[in-house]
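Undergrad: Going by my numbering, the first residue of the sequence shown is number 763, and it counts up by one from there.
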Amino acid sequence: MKVKWGIIGAGGIADRRTIPGMKLSEKAELVAVMEVNMELAEKLRAKYSAKRAYDNVDDLLKDPEVEAVYIASPVVYHKEQAIKAARAKKHILIEKPVALTSKEAEEVAAVCKEEGVKIAVGLMMRYHSYHRKMKEIIASGKLGNIVSCRAQFTCWYPDIPGAWRQKKSTSGGGALMDMGVHCIDLIQYVTGSKAKKVVAFNATKTFKYEVEDSSSVLFETDNGAFVYVDSNFNIPDAASKSKFEIYGTKGSMVAIGTLSQVEEGDLEVLLSDDTLEYDAQQNRIHVAPVKIDVEFGNMYTKEIDSFCDSILYNKPIEVPVEDAIQVQKVIEAAYKSSENQIFVNL
Ligand SMILES: NC(=O)c1ccc[n+]([C@@H]2O[C@H](COP(=O)([O-])OP(=O)(O)OC[C@H]3O[C@@H](n4cnc5c(N)ncnc54)[C@H](O)[C@@H]3O)[C@@H](O)[C@H]2O)c1
763 MKVKWGIIGA GGIADRRTIP GMKLSEKAEL VAVMEVNMEL AEKLRAKYSA KRAYDNVDDL
823 LKDPEVEAVY IASPVVYHKE QAIKAARAKK HILIEKPVAL TSKEAEEVAA VCKEEGVKIA
883 VGLMMRYHSY HRKMKEIIAS GKLGNIVSCR AQFTCWYPDI PGAWRQKKST SGGGALMDMG
943 VHCIDLIQYV TGSKAKKVVA FNATKTFKYE VEDSSSVLFE TDNGAFVYVD SNFNIPDAAS
1003 KSKFEIYGTK GSMVAIGTLS QVEEGDLEVL LSDDTLEYDA QQNRIHVAPV KIDVEFGNMY
1063 TKEIDSFCDS ILYNKPIEVP VEDAIQVQKV IEAAYKSSEN QIFVNL
């Protein structure tokens, strides 16, 4: 059995990653694509052998064969399109952030509930094999109590006239909203804890656009760890490290290059024995890295497979909209903190 899909906004990340990932899924069938003009829609239809192309959302939603939609349009359109899709009884995989604000995202979630359709969010980094492994190791207790975490996600994103990401009214925010969203979600996901107190710096330092190109967020989780998330639009891609680090009372895990659209990177796990005593020399050489074997796949295929399983077999949704809304509230707290130079409690 396969879920029949329609794509809303097929020409961006959908074309770059998600549709190619969907085509590898044995649980999904691409039926229709929608883009802002017919020429582009038809080009994408032909590229991915979809049955039908549309140049507006209403027509796609009237397609009786479409059971689920993937919404990958600019964020400003998410709320309206998701509500229309829910009213048309289509299940929804929606890109991050769910909407411009957590309040709008809550409206989307409420309509999905009312209409009895399922909704999942495109925080696909949860499907990276190393991130799954990190979650498993933390849950096993091998790292002890988690005391410190850090995640960074950066790119080079200069001024581009008309770019929807560079205006708050069309994106909801800058580097933090666009990239930091993954870091915050991942840290909470792998540690199984939530942010409860936030302080942040957000600023536009390098470019001229109104959203932040630099963001540093510090938060404390409900199990007591301090977390640092940095998101930048002003670090060259070639210089990016995208480090994801977790430190506990019994060891550490450092992933490098795993925050990516491709399942790749390295993970180093260092575990101490249980008989630690104070070492004035602070000797580190006795700790050998634990080798972690994983098989890399395609995070977008896993994301589609997972949501198809939820639709077809009622399996739990792996990236529930409630989680994404909570992440957006953390981001909003970070904006408030930075604007008012205060700590914000959640
Ligand atoms: N999870 C990920 O890996 C990932 C990566 C990049 C972007 N995203 C998210 O995907 C969404 C789109 O980002 P993007 O980078 O693809 O942007 P983009 O600008 O590259 O592509 C957006 C596409 O939507 C189309 N579009 C414009 N107006 C539309 C409308 N009213 N209805 C439908 N389609 C419309 C555009 O023609 C374009 O093809 C955002 O929410 C973004 O945060 C997710």
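We put the beta carbon where it would ideally sit given N, CA and C, even for glycine.
Quick caveat: nothing in here was measured; it's all calculated off a predicted structure.
Quick check for students: name the residue ranges of the beta strand (DSSP E) that lie wholly in the region 943–972, counting only runs of 3 or more.
TA: You should have 957–965.
Undergrad: By DSSP's criteria, isoleucine 908 is part of a beta bridge. Which residues make up the other side?
TA: DSSP output for isoleucine 908 lists Gly1010 as bridge partner(s).
Undergrad: Run through the region 799–848 for me and flag every whole alpha helix (DSSP H) of 4 or more residues, listed as ranges in chain order.
TA: Listed in chain order, the complete alpha helix (DSSP H) runs (minimum 4 residues) inside the region 799–848 are 800–809, 819–824.
Undergrad: Decide if aspartate 947 is buried, meaning its Cβ has at least 16 other Cβ atoms within 10 Å, or exposed.
TA: Classification for aspartate 947: buried.
Undergrad: Starting from lysine 766, follow the alpha helix (DSSP H) in both directions and report where the run begins and ends.
TA: Unbroken run through lysine 766 is the beta strand (DSSP E), 765–770; no alpha helix (DSSP H).
Undergrad: Going by Cα to Cα distance, which pick from Leu1032, Gly774, Lys875 is closest to glycine 1013?
TA: Checked all of Leu1032, Gly774, Lys875; the closest Cα to glycine 1013 is Leu1032.
Undergrad: Give me the residue from Val1106, Ser811, Ile775, Met763 with the minimum Cα distance to aspartate 940.
TA: Residue Ile775 is the option with its Cα nearest to aspartate 940.
Undergrad: Tell me whether tyrosine 839, by its Cβ, gets closer than 7 angstroms to a heavy atom of ligand 1.
TA: True, at least one ligand heavy atom lies under 7 angstroms from that Cβ.
Undergrad: Quick one: is the Cβ of glutamine 1023 within less than 7 angstroms of any heavy atom of ligand 1?
TA: Yes, Cβ of glutamine 1023 sits closer than 7 angstroms to a heavy atom of ligand 1.
Undergrad: Heavy atom of ligand 1 less than 7 angstroms from the Cβ of aspartate 940, yes or no?
TA: Because some heavy atom of ligand 1 lies under 7 angstroms away, the Cβ of aspartate 940 counts as near it: yes.
Undergrad: Identify which residue in Ala925, Ile1008, Asn994, Ala962 has its Cα closest to the Cα of glutamine 950.
TA: Among Ala925, Ile1008, Asn994, Ala962, the Cα nearest to that of glutamine 950 belongs to Ile1008.
Undergrad: Going by alpha carbons, who is nearest to alanine 963 out of Gln914, Val979, Lys1005?
TA: The sequence shown places phenylalanine at residue 963, not alanine. The shortest C-alpha separation from phenylalanine 963 is found at Val979.
Undergrad: Is any non-hydrogen atom of ligand 2 found closer than 7 angstroms to the C-beta of lysine 809, if you look at the structure I gave you?
TA: Of the ligands this structure carries, namely ligand 1, none is ligand 2.
Undergrad: I need the DSSP call for histidine 893, collapsed to helix, strand or coil.
TA: It is helical.
Undergrad: Going straight from the alpha carbon of valine 1052 to that of cysteine 945, what length do you get?
TA: Going from the Cα of valine 1052 to the Cα of cysteine 945 covers about 24 angstroms.
Undergrad: Does the beta-carbon of glycine 906, which I'm using as the reference point, lie nearer than 7 angstroms to any heavy atom of ligand 1?
TA: Flag unset: Cβ of glycine 906 not near ligand 1.
Undergrad: Thinking C-beta only, is arginine 912 closer than 8 angstroms to threonine 824?
TA: It is lysine, not threonine, that sits at residue 824 in the sequence shown. Result no, Cβ atoms of lysine 824 and arginine 912 do not sit closer than 8 angstroms.
Undergrad: Do glycine 986 and tyrosine 892 come within 8 angstroms of each other at the CB atom, strictly closer than that value?
TA: Not a contact, by the Cβ cut-off of 8 angstroms.
Undergrad: Taking the straight line between their C-alpha atoms, what separation do you get for glycine 1019 and lysine 1003?
TA: Cα to Cα, glycine 1019 sits roughly 6 angstroms from lysine 1003.
Undergrad: Find out if the Cβ-Cβ distance for the pair valine 973, glycine 936 is shorter than 8 angstroms.
TA: Yes, Cβ-Cβ distance for valine 973 and glycine 936 is below 8 angstroms.
Undergrad: Is the region 1095–1103 close to the region 867–884, with three or more CB pairs under 8 angstroms?
TA: No, the region 1095–1103 is not in contact with the region 867–884.
Undergrad: Just verifying my parser: in three-state terms, what is the DSSP assignment at alanine 850?
TA: Here alanine 850 sits in coil by DSSP.
Undergrad: Report the three-state DSSP secondary structure of lysine 1005 (helix, strand or coil).
TA: Reduced to three states, the DSSP call for lysine 1005 is strand.
Undergrad: Taking threonine 983 as part of the beta strand (DSSP E), name the residues at either end of that continuous run.
TA: Run containing threonine 983: 976–983, per the beta strand (DSSP E) assignment.
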